[in-house]
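Contents: one structure, followed by commentary.
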Amino acid sequence: MQFTGLPFSTIMTLAGVVAVGVTVLYLLKLRKRRIQVPFSHLWSRVLANKRTQTSFWRRFRRILSWLLHIIMVALLAFALADPHPSDEAVKGRHLLLLIDNSASMAATDVSGGADRMDVARQKAAEILDSVGPEDRVMLAAFNEHIQPLSPFVAQASLLEKPLQEIEAVATGTSYDDALSFAADSLRGTTDAQLVLISDGAGLREATLDKFDFGENTIIRHLKVGESGGNIGVTAFNVRRYLSNKLDYELFVQVRNYFDRSVEAELEIYADGRLVDTKPIRLEANETKQDFYPSQAVAGERLEARVRLTSRDARDHFPMDNRAFAMLPKTQKASVLLVSDGNLFLEGPLMLNLNIKLKKVATAEYTPEMSGQYDVTLFDRFAPPKDILPEAGNFVFFNPPAENSPWEVSGVIEDPIITTVQKSHPLMRWITLKDLNITEASQWRTGRWDSVVASSFGKPIVVTRAEVDQKMVGIAFDIQKSDLPLRVALPVLMINIIDYFTLDDASYIPNYTTGETWAVDLGIDVDKATVTRPSGEQIEVPAFNKRALFQGDEIGFYTITASTSGENPTKVRQTIAGNLSNPEESRITPTDLELGDKEVEQGVDNLIFERNELWIWAILALLALLLLEWFSYNRRITV
Amino acid sequence: MAPKDDPFDDAFLKKLEYLYVVSKKIVAGKNQAKRKTRLVGSGIDFADHRPYAPGDDFRGLDWKVFARTQKLFLRLFEEEEDLYIYFLIDCSPSMILGEPTKWEYAKKLVAALGYIGLSNLDRVSVIPFSSKLDGRLPPARGKAQIFKIFDFLRKLEPGKNTSLEDAFSTFVTQNKRQGIAVVLSDFYDPSGFEEGLNKLRYFKFEPIVLHIYDERELNPTLQGEMELVDVETGEVCRVTLTPELVREYRQAFIDFSDELEDYCTRKSVLYFRVPIQEAFDELVLRVFRAGGFLK
Chain A
54 MQFTGLPFST
64 IMTLAGVVAV
74 GVTVLYLLKL
84 RKRRIQVPFS
94 HLWSRVLANK
104 RTQTSFWRRF
114 RRILSWLLHI
124 IMVALLAFAL
134 ADPHPSDEAV
144 KGRHLLLLID
154 NSASMAATDV
164 SGGADRMDVA
174 RQKAAEILDS
184 VGPEDRVMLA
194 AFNEHIQPLS
204 PFVAQASLLE
214 KPLQEIEAVA
224 TGTSYDDALS
234 FAADSLRGTT
244 DAQLVLISDG
254 AGLREATLDK
264 FDFGENTIIR
274 HLKVGESGGN
284 IGVTAFNVRR
294 YLSNKLDYEL
304 FVQVRNYFDR
314 SVEAELEIYA
324 DGRLVDTKPI
334 RLEANETKQD
344 FYPSQAVAGE
354 RLEARVRLTS
364 RDARDHFPMD
374 NRAFAMLPKT
384 QKASVLLVSD
394 GNLFLEGPLM
404 LNLNIKLKKV
414 ATAEYTPEMS
424 GQYDVTLFDR
434 FAPPKDILPE
444 AGNFVFFNPP
454 AENSPWEVSG
464 VIEDPIITTV
474 QKSHPLMRWI
484 TLKDLNITEA
494 SQWRTGRWDS
504 VVASSFGKPI
514 VVTRAEVDQK
524 MVGIAFDIQK
534 SDLPLRVALP
544 VLMINIIDYF
554 TLDDASYIPN
564 YTTGETWAVD
574 LGIDVDKATV
584 TRPSGEQIEV
594 PAFNKRALFQ
604 GDEIGFYTIT
614 ASTSGENPTK
624 VRQTIAGNLS
634 NPEESRITPT
644 DLELGDKEVE
654 QGVDNLIFER
664 NELWIWAILA
674 LLALLLLEWF
684 SYNRRITV
Chain B
544 MAPKDDPFDD
554 AFLKKLEYLY
564 VVSKKIVAGK
574 NQAKRKTRLV
584 GSGIDFADHR
594 PYAPGDDFRG
604 LDWKVFARTQ
614 KLFLRLFEEE
624 EDLYIYFLID
634 CSPSMILGEP
644 TKWEYAKKLV
654 AALGYIGLSN
664 LDRVSVIPFS
674 SKLDGRLPPA
684 RGKAQIFKIF
694 DFLRKLEPGK
704 NTSLEDAFST
714 FVTQNKRQGI
724 AVVLSDFYDP
734 SGFEEGLNKL
744 RYFKFEPIVL
754 HIYDERELNP
764 TLQGEMELVD
774 VETGEVCRVT
784 LTPELVREYR
794 QAFIDFSDEL
804 EDYCTRKSVL
814 YFRVPIQEAF
824 DELVLRVFRA
834 GGFLK
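Sequence lines, in order, name chains A and B.
Its first residue numbered 54, the first sequence is counted upward by one per residue in our numbering.
Its first residue numbered 544, the second sequence is counted upward by one per residue in our numbering.
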């Protein structure tokens, strides 16, 4: 037997004082009420019989009453000492409840709860209910990041509210971060115990043996989840065609996590409307990637949903069944052609519906004009270098040597295109190898230049990219070549315009939940407002024209920001956040293994079943009190 | 004029008159014979003869008998006499406990029975007693004497402890004229009631016992640690009253009453158990129903 209550000497002192008090009270005779009776002989006659019969009992019962009270005092002293069996642990433990709230915890393959998260909360609540008064408990949730919800606290009830507020988020799982945090938190504490409540899904390493928990730390893994049946969209994106901005193509990756083949339907939604359904069949554990070209449906917000159609299979993880993408808006490129007349250049530009063309004569050109257009084309003309705007997109067709951005060192007679960067956007779908050119300027290129096509090492087509200024240079006069006779000219014109305008606008990247997102706002602000898919609005910091935040929901996020001052600028941008995590979609519950560190599965022996013997002592005391009360009122012990 | 809270007011007197009328109805046809005295004297109705003794009034000699027998015999005539009713009322402190008290009840009872006696031309005397006789209302006759009884009863003071034997010894010594001795008492005499009642019987009084008690004495509501002080003797009895003990006390009281009743039955003494919770006029009628002894 061990005692954890008041010091023994204190208890003995208290008990002794109370026992003496009780004894003194018993020695004091009770003052009796005086009642006048008409004839005491009748009473005497009754009492005479009683006295002869019970004189011994009368003495004994008084001692018995005193003994009852002394026993009560002893029981009270026993309770104050807080006794426990000698083999029972009575020292407080440091208990860290680490609860996985990554996306896989939203899987519904559990009984007794709505999803794995629900079951995890229940199990954690059971543990909190069972901890002892000396225990210290810390609560933390983890997904891609660790989120401590409390320090070590003695009052477990304080953790119930934060526990109930833990929700599964659409992010991956970083066991490294979680276990590193747990090791740091538990190191140096007495009787440390880590309880990891997780499905184990998303484990990237077979073993996580690099953490030093200390020798005495007990690690428990409470596995939640029963099945791994899942099919999900693991990648989804959309891109407009460069040649036809009205059309776009989809990229979808769907993965089957079943151990057998399943059938499914891929549904495409545009702005909430179902626009296409594509049946797919996936073999066991197969990942299928597909491009779906020529999607000519209007709409900016696209969504891909995969729906399992095999009747004998059940998808337990609906969170990855949806993926989202933003389709950039179609915009007409505004082009300023500075030329004194060149139908070969004007033709392709005028015929293209996606281009808004303005033509000015070289004499009428002023640098301010370029600021109003996406691209400025100079045909055999170049403004003086000192008046060329520092920002803008410029194309030079055979610029005169005195104002040319490239230093002209000579003339190349009958150049032959010998080298072409086929992957360069300017060279897409065209070939210049057999192009006949009368002559071309011989340019010297600088460090900002990139040669796209050259003739024996001499640049013919050059691009220059500076901070705010992009240029394309064609070193020959197209009228002194057979390029106008080729289909390559209109394609080259489109490529040039797209080179400046579509590279950014034709593609809006998707963001992966759990990562830090840097969304380009285009304006310099300190903060921006993000409206999450759930409708919740949060303020996020912005730096270097980018809003920085983390998304943990799938769906569309809207970021708004505005500058202040005389000419305020307002920006509104929508992006898509997707889980896009094939590892997290693998929801099969997995046991945690930590190298040579033993991990106990389950928490059966964690429950703090302390034998609170003091309660029994108090109950016995109450029983004795009742007995004393009964015996006194029934005049047994008086 | 009677005091304001006087129990013997006009209303009480009217009630007594009513009781008297009712009592006559009750006894009619039931007790036809008039009470005869055992004395012979100057009555009208012949009773008996007895031999002449010197000193007898020779006017009573029956000469016809002398003519036939040559012996002197006196003619004895029955003499109708008035009845003496003695109300022996216990005024010991044990009668005065409680509210209302047995003492008040007993006084009313004496007044009622006395009035009926006076109405029958009996001689009524009221004698309070405790350990001795505490005063005396001499025998009075006639209805008008009821006010004397009232006055006497009003002025009565409680006495000391009860001693039936001592009190009744004095009574029989002082009252040579036998009659009915109505004893109104709780009979709480430590030395017992037998000797006292025997005294009355031995001296040819005809005792009638009205055992007055309070129902609250029978069923005390006390519980706990008590010091029971005898109101007469001052004797202290320490006791822890339990329901069981109260039950035993109740049984002892019943035994005590039964002993008294048994004694009376054995000695042919009329006995009435009179709880003061019973209306006294009902009791009076009960007494008449039981014996009609007043006529």
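All C-beta atoms in this analysis are idealised placements derived from N, C-alpha and C, irrespective of residue type, glycine included.
Nothing here was measured: the structure is a model prediction, and the numbers come from that model.
Residue i to residue j, Cα distance in whole Å?
i      : j      : result
A/R87  : B/G767 : 11 Å
B/E702 : B/E791 : Note that residue 702 of chain B is Gly in the sequence shown, not Glu. Looking at the two C-alpha atoms, the distance is approximately 30 Å.
A/E316 : A/K331 : 11 Å
B/R581 : B/F620 : Since pLDDT at B/R581 reaches only 46, below the 50 mark, its modelled position is unreliable, and the value read off the structure follows with that caveat. Each residue's Cα considered, the two are about 10 Å apart.
B/A822 : B/T713 : 32 Å
B/S674 : B/H592 : 45 Å
A/L410 : A/M422 : 13 Å
A/F131 : A/E681 : 19 Å
A/M125 : B/P643 : 48 Å
A/P186 : A/L232 : 26 Å
A/W667 : A/L675 : 12 Å
A/P420 : A/A444 : 11 Å
A/R360 : A/I219 : 28 Å
A/F683 : A/S118 : 11 Å
A/I116 : A/L678 : 16 Å
A/G278 : A/D427 : 55 Å
B/V726 : B/F630 : 6 Å
A/V305 : A/P635 : 13 Å
A/A670 : A/L129 : 7 Å
B/Y731 : A/V71  : 49 Å
By Cβ distance below 7 Å, which residues in the same chain neighbour residue i in space, the five residues on each side in sequence not counted?
i      : result
B/D553 : none
B/K810 : R744
A/G166 : V172 and Q175
A/I470 : L485, K486, L488, A506, S508 and I513
Which partner residues does residue i have in the DSSP bridge list?
i      : result
A/R497 : A/E460
A/S507 : A/T472 and A/P512
A/I321 : A/D329 and A/A357
A/Y79  : BP columns for A/Y79 are empty, so no partner.
A/L680 : None, per the DSSP bridge assignment.
B/I751 : B/V725 and B/L813
A/M379 : A/R354
A/H198 : Per DSSP, none; premise fails for A/H198.
B/P671 : B/I632
A/S97  : The partner list for A/S97 (beta bridge, DSSP) is empty, contrary to what the question assumes.
B/H592 : B/R618
A/T582 : A/E592 and A/T613
A/S534 : A/I490
With a CB to CB cut of under 6 Å and the five nearest residues on each side skipped, what residues in its chain are close to residue i?
i      : result
A/E492 : V464 and E466
B/E804 : Y814
A/E339 : N309
B/S800 : none
B/W646 : M638 and I639
Tell me which same chain residues have a C-beta within less than 8 Å of the C-beta of residue i, skipping the five on either side of it?
i      : result
A/N283 : A160, Y310, F311, D368, H369, F370, D373, S638, R639 and I640
A/S210 : L181
B/V812 : L740, R744, P750, I751, V752 and Y806
Does the ligand MG have even one heavy atom less than 7 Å from the beta-carbon of residue i?
i      : result
A/V578 : Absence of the ligand MG from the depicted structure is noted, as is the absence of any ligand whatsoever, leaving it without description.
- Task: Determine, using beta-carbon pairs with one atom in the stretch 670 to 690 of chain B and one in the stretch 776 to 784 of chain B, whether at least three such pairs fall under 8 Å.
- Result: Taking 8 Å as the limit for Cβ pairs, the verdict is that the stretch 776 to 784 of chain B does not touch the stretch 670 to 690 of chain B.
- Message: Does the structure place the stretch 394 to 414 of chain A close enough to the stretch 534 to 546 of chain A that three or more beta carbon pairs sit under 8 Å?
- Response: yes
- Item | Within the stretch 697 to 739 of chain B, ranges of the beta strand (DSSP E) (whole runs, at least 3 residues) | 723 to 728
- Message: Could you check whether the stretch 450 to 464 of chain A touches the stretch 425 to 438 of chain A, counting it as contact only if at least three pairs of C-beta atoms, one from each stretch, sit closer than 8 Å?
- Response: Contact holds: three or more Cβ-Cβ distances are below 8 Å.
- Query: Three or more beta-carbon pairs under 8 Å between the stretch 140 to 152 of chain A and the stretch 185 to 192 of chain A, yes or no?
  - Reply: Inter-segment contact for the stretch 140 to 152 of chain A and the stretch 185 to 192 of chain A is present: three or more beta-carbon pairs are separated by less than 8 Å.
- beta strand (DSSP E) segments (min. 3 residues) lying fully within the stretch 177 to 261 of chain A: 189 to 195, 199 to 201 and 245 to 251
- How do the stretch 576 to 587 of chain A and the stretch 521 to 533 of chain A stand: do at least 3 beta-carbon pairs fall below 8 Å, yes or no? no
- Query: Using 8 Å as the Cβ pair cut-off and three pairs as the minimum, do the stretch 385 to 394 of chain A and the stretch 404 to 418 of chain A touch?
  - Reply: Touching, yes, given that three or more Cβ pairs across the two stretches are closer than 8 Å.
- Message: In chain order, what are the residue ranges of uninterrupted beta strand (DSSP E) at least 3 long that sit wholly in the stretch 384 to 472 of chain A?
- Response: 386 to 391, 408 to 413, 428 to 432, 445 to 450 and 460 to 466
- Message: Can you confirm whether the stretch 555 to 565 of chain B touches the stretch 651 to 660 of chain B when touching is taken to mean that 3 or more C-beta pairs between the two stretches lie within less than 8 Å?
- Response: yes
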